[in-house]
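So the protein sequences, as listed, match chains A and B.
This note's numbering numbers the first residue of the first sequence as 448 and each following residue consecutively.
This note's numbering numbers the first residue of the second sequence as 448 and each following residue consecutively.
Only one structure is covered here, and it is reproduced in the block below.
There are 2 protein chains.
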Amino acid sequence: MSNIKASIITIGDELLIGQTIDTNSAWIAQRLNDLGIDIIRRVAVGDLKDAIREALDEELSKAEIILITGGLGPTADDITKPVLCEYFGAEMIVNEQVLQHLKDIFTKRNRPFLERNLKQAEVPDNCTVLFNKMGTAPGMWFEKNSKVIISMPGVPFEMMGIMEDEVIPRFRKRYISDSLIHRSIMTAGEGESYIANKIEDLENALPAHIRLAYLPGYGSVKLRLTGRSNDELRLIKELELRQEEIANRLGDIVIAMDDFPLEYTIGKYFVEKQVTLGLAESCTGGFIAHHLTQVMGSAGYFNGSIVCYQESVKENVLGVKHNTLDEYGAVSEETAIEMAKGALKVLGADYALSVTGLLSAGSESDRVPVGTVWMAIASKEDVKTKHFRFHYDRPRNKEMAVQMGMLMIWKYLHGKL
Amino acid sequence: MSNIKASIITIGDELLIGQTIDTNSAWIAQRLNDLGIDIIRRVAVGDLKDAIREALDEELSKAEIILITGGLGPTADDITKPVLCEYFGAEMIVNEQVLQHLKDIFTKRNRPFLERNLKQAEVPDNCTVLFNKMGTAPGMWFEKNSKVIISMPGVPFEMMGIMEDEVIPRFRKRYISDSLIHRSIMTAGEGESYIANKIEDLENALPAHIRLAYLPGYGSVKLRLTGRSNDELRLIKELELRQEEIANRLGDIVIAMDDFPLEYTIGKYFVEKQVTLGLAESCTGGFIAHHLTQVMGSAGYFNGSIVCYQESVKENVLGVKHNTLDEYGAVSEETAIEMAKGALKVLGADYALSVTGLLSAGSESDRVPVGTVWMAIASKEDVKTKHFRFHYDRPRNKEMAVQMGMLMIWKYLHGKL
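Quick look at the structure:
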């Protein structure tokens with residue numbers, strides 16, 4: 448029972464010189480995966496005619512669907528459209544719907560409609576136009592020897608709009624295939640090897656249509672079970688049985704049975720219990736607050752964060768004692784405790800987490816080693832603290848502190864701290 | 448004068464099903480680009496023997512250097528090492544240096560050394576081991592018909608460590624090539640087409656060894672000039688002349704003549720003028736503070752941010768009047784002004800930016816349309832405000848607000864608001 452095979456070709460010099468990180472491919476892969484379409488390869492090439500043609504030849508020999516992103520801008524370095532036009536032996540014609548859409552956009556934005564914008568309304572005469580409601584460059588759908596070749600802009604939200612509105616509905620109609628179902632287990636505190644060893648017999652006993660993958664993150668490992676079958680209901684039952692079996696074996700290191708980032712798992716708890724959260728962030732500089740507020744509805748339980756990058760803010764806003772800062776330093780258990788208690792009070796929250804640390808060499812480096820972070824979590828009942836030492840560079844230490852901070856909230860709420 | 452050609456092969460099912468975004472490739476590309484090595488293609492394949500072998504065959508036919516990342520973990524789904532061993536006709540042997548390193552790591556972490564970890568010390572007998580000081584899986588350097596094939600772990604900071612310590616120094620010795628120099632112009636406020644039209648004659652007059660690329664971002668477009676020559680000093684002069692010519696033509700929309708994110712451009716100003724900055728963030732939820740504190744040394748000028756996700760925090764911490772919130776709403780010019788003034792005072796800063804908005808449908812949606820954002824910037828002298836309306840989804844609206852907020856700071860400081 449083999450799946451439909453697809454390849455992604457991303458076009459653009461900016462991808463090859465590392466100016467842009469390709470987030471499109473992961474998004475496309477996830478969406479197609481849900482339809483039972485497998486991405487078997489992803490290829491990135493530059494804005495060069497021969498490289499694009501060669502990539503098309505190669506991927507057409509391996510896959511039934513080719514998804515192309517990028518190279519559709521109005522500037523001279525973007526050549527995807529003329530190359531595709533030639534590749535599929537077509538003529539360029541103006542598409543009236545696209546032209547009208549372009550004129551509307553320019554009127555709305557109060558910008559002059561330029562000659563080079565007119566070019567954006569042209570499409571090869573043998574393609575189906577995929578309407579781009581989010582931008583100016585239309586998507587294109589070609590067919591050749593019953594294979595499908597789709598070209599879309601590289602701008603993420605334009606590509607996403609075309610995929611959702613135009614491509615995925617067509618794929619649903621055209622390809623019938625097995626269901627592909629995922630179940631995940633989120634763990635924290637142990638590494639891949641430890642987990643693999645602990646569940647070796649369970650992993651070996653998995654049937655051929657269920658695969659297990661280990662996805663390590665910051666201080667966490669996600670286990671993902673993927674099953675494939677034409678009997679969806681039975682597959683779900685089977686997967687959930689395996690998921691439970693593995694989670695039971697792993698015990699305390701399991702923090703969630705789903706695929707959501709920690710901020711969603713935490714958010715769910717606060718919504719259910721109708722309690723609120725506040726933060727006092729020094730070294731994480733507002734990044735925990737950012738993560739928490741990515742969750743739609745977080746305004747219902749997240750009160751705010753005091754980002755206190757200076758000692759004066761710790762004192763004046765959070766009420767940390769001058770003595771405490773002098774005697775123990777800004778990066779200390781004592782300061783963390785007073786920050787958490789201060790945030791609890793000033794933000795009027797039921798729980799408050801504080802984070803203070805030294806992520807890279809700086810003024811505090813004579814008092815604590817680089818990478819030292821203290822956290823405290825306070826409620827009306829008590830305060831608990833935790834000491835960390837991270838060994839990476841500044842951005843990674845910050846990301847680690849964010850994840851460990853959210854994990855600390857989770858553990859405190861579940862009586863595991 | 449053609450450059451050395453390199454291909455990147457990334458291995459791992461997680462990349463093809465979209466669980467992981469490939470940030471490694473962009474990083475590798477940037478580092479190699481500085482050496483004058485061109486990435487001509489990037490290919491991602493799954494953890495499948497035939498797919499890996501086929502990718503190796505193909506890329507070896509096109510490039511002189513193949514960089515492979517991923518598939519070196521200790522779990523059963525990772526097969527890169529045995530596949531490479533077979534591909535290069537080698538035998539597996541234990542490397543003593545790696546073995547000792549592994550044992551040290553496990554002792555330090557107080558974890559048992561397992562049978563499957565021993566496997567990580569094994570390497571094909573015809574490769575040069577690239578020491579991985581950041582992790583357990585060693586890198587490997589193979590040569591075949593004077594081409595170089597390098598295998599590294601997919602964990603970003605492990606790969607980066609091996610590249611910096613082992614790969615790049617070897618590349619420097621082995622390959623001599625032209626210098627590749629970039630010069631950038633950061634613009635804000637106009638789109639690609641507008642800019643392309645405005646500088647069309649200058650772009651057409653560029654010599655063959657200088658290329659211009661347009662890199663659109665959130666509310667900004669970066670122009671990047673790339674030159675290639677064996678006369679580095681002359682090339683730099685030439686590039687800077689073209690850069691100035693284009694910047695002069697574009698006038699007011701130019702915000703920086705370098706390649707740094709806005710937070711660095713802003714940071715430089717604050718360091719030079721020895722003044723300080725504070726924030727009051729509602730809808731951006733600490734994300735502006737996060738951006739500003741990504742800059743090493745930001746503690747020298749960034750005082751902090753009051754992330755006020757509740758009206759009570761706006762009132763109690765920032766001193767926004769209850770009446771103002773009642774009469775005009777949390778998302779209003781009046782509230783933004785009081786937030787900025789409050790932040791100026793409570794954070795003891797010379798300048799303060801406030802942001803309040805409605806990024807997605809919520810409680811304020813009856814008072815203002817979704818996507819409405821008000822910002823205010825205050826100093827001891829005055830307050831200026833700006834109204835925005837973003838039309839995207841929640842995460843993108845947040846990112847837009849962050850970039851527009853930083854741009855507002857920049858413009859205010861330069862008297863352009």
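Glycine included, every Cβ here is placed at the ideal spot set by N, Cα and C.
Being a predicted model, the structure only gives us computed values, none of them experimental.
Secondary structure within the region 468–540 of chain A: the beta strand (DSSP E) runs of 3 or more consecutive residues, fully enclosed, are 484–492 and 512–516 (chain order). Fully enclosed beta strand (DSSP E) runs of no fewer than 3 residues occupy 626–635, 657–663 and 667–676 of the region 612–690 of chain B, in order along the chain.
Closest in C-alpha terms to residue 709 of chain A, from the list A:461, A:508, A:846 and A:756, comes A:846.
Counted as a single uninterrupted DSSP element, the beta strand (DSSP E) harbouring residue 456 of chain B occupies residues 451–458.
Residue pairing by DSSP places residue 586 of chain A opposite A:577 in a beta bridge. A straight-line Cα-Cα distance of about 15 Å links residue 719 of chain B and residue 856 of chain B. Straight through space, the alpha carbons of residue 463 of chain B and residue 518 of chain B are spaced by roughly 13 Å. When DSSP reads this structure, residue 730 of chain B sits in no beta bridge, so it has no partner. Judged by DSSP secondary structure, residue 609 of chain B falls within the alpha helix (DSSP H) whose first and last residues are 603–609.
Bounds of the beta strand (DSSP E) holding residue 594 of chain B are 594–599. Under the Cβ distance rule, residue 821 of chain B does not count among the residues neighbouring chain A, no pair being separated by less than 8 Å. Using a Cβ-Cβ cut-off of 9 Å, residue 558 of chain A is close to 637, 638, 640 and 641 of chain B, given in chain order. With its beta carbon less than 8 Å from one in chain A, residue 644 of chain B belongs to the interface. According to the DSSP assignment, residue 800 of chain A belongs to the beta strand (DSSP E) that extends over 798–804.
Within chain B, the C-beta atoms nearer than 8 Å to that of residue 467 of chain A come from 473 and 662, in chain order. Close CB contacts of residue 609 of chain A within its chain, under the 7 Å cut and outside five residues either way in sequence, are with 577, 579, 586 and 599 (chain order). Straight across, the Cα-Cα distance linking residue 528 of chain B with residue 555 of chain B is about 26 Å. Annotation: the continuous alpha helix (DSSP H) that includes residue 552 of chain A extends over 543–556. Within the same chain, and ignoring the five residues on either side of residue 625 of chain B in sequence, the residues whose Cβ sits closer than 8 Å to its Cβ are 448, 450, 483, 675, 676 and 677. The criterion of a C-beta distance shorter than 8 Å is satisfied by residue 794 of chain A and residue 750 of chain A.
In this structure, DSSP gives residue 837 of chain A a state outside helix and strand, which the three-state scheme calls coil. For the set B:824, B:821, B:838 and B:801, the Cα lying nearest the Cα of residue 808 of chain B is the one of B:838. For the options B:763, B:747 and B:754, the alpha carbon positioned closest to that of residue 759 of chain A is the one of B:747. The beta-bridge partner set that DSSP reports for residue 570 of chain B consists of B:540. Among the residues of chain A, those whose CB is under 7 Å from the CB of residue 752 of chain B are 733 and 754, following chain order.
Closest by C-alpha distance to residue 646 of chain A, out of A:861, A:697, A:661 and A:687, is A:697.
Here the alpha carbons of residue 466 of chain B and residue 745 of chain B stand approximately 33 Å from one another. If you look at residue 464 of chain B, you'll find it isn't in any alpha helix (DSSP H); DSSP assigns it neither H nor E.
Looking at the backbone, the Cα of residue 615 of chain A and that of residue 461 of chain B are separated by about 21 Å. Taking all protein chains shown into account, residue 862 of chain A has fewer than 16 neighbouring C-beta atoms within 10 Å of its C-beta and is therefore exposed.
When DSSP reads this structure, residue 823 of chain B sits in a beta bridge with B:801 and B:832.
Going by DSSP, residue 789 of chain A is part of the alpha helix (DSSP H) stretching over 780–793. Residue 679 of chain B and residue 473 of chain B have their C-alpha atoms some 24 Å from each other. In the DSSP assignment, residue 752 of chain B falls outside any alpha helix (DSSP H) and within the unbroken beta strand (DSSP E) covering 749–755.
Inter-segment contact for the region 625–639 of chain B and the region 687–706 of chain B is present: three or more beta-carbon pairs are separated by less than 8 Å. Between the region 649–663 of chain A and the region 540–549 of chain A, the count of C-beta pairs closer than 8 Å stays below three; the two stretches do not touch.
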